[in-house]
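Enquirer: Numbering (this note's numbering), first residue to last: 1199 to 1270.
Cβ atoms here follow ideal geometry from the backbone N, Cα and C, with glycine treated the same way.
My structure is below; once you've seen it, I'll send some questions.
What follows is the structure, encoded as structure tokens:
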């Protein structure tokens, strides 16, 4: 939800944090299902589009884990 994300960025973190977390987890679950369940082919345009659209979110999550690990 772009509006919830904008509210989060504007400082309303507490009000929308849980909502955004649920949305991120929902997206990750959908990507997981689209990536791992039967019938996936490297040349399927829809499968490829799902992964390409998810890549920025996945990269952000990985980067966050790497940064928190360096800080520890």
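Just to confirm before moving on: does the CB-CB distance between residue 1232 and residue 1222 stay below 8 Å?
Expert: No, these two residues do not count as a Cβ contact at 8 Å.
Enquirer: Hey, quick one: how far does the alpha helix (DSSP H) through residue 1230 stretch, first residue to last?
Expert: That run of the alpha helix (DSSP H) goes 1211–1234.
Enquirer: What did DSSP end up calling residue 1240 once you bin it into helix, strand or coil?
Expert: Residue state, collapsed to three classes: coil.
Enquirer: Judging by CA-CA distance, which residue of 1261, 1268, 1228, 1242 is the nearest neighbour of residue 1252?
Expert: Per the Cα distances, 1228.
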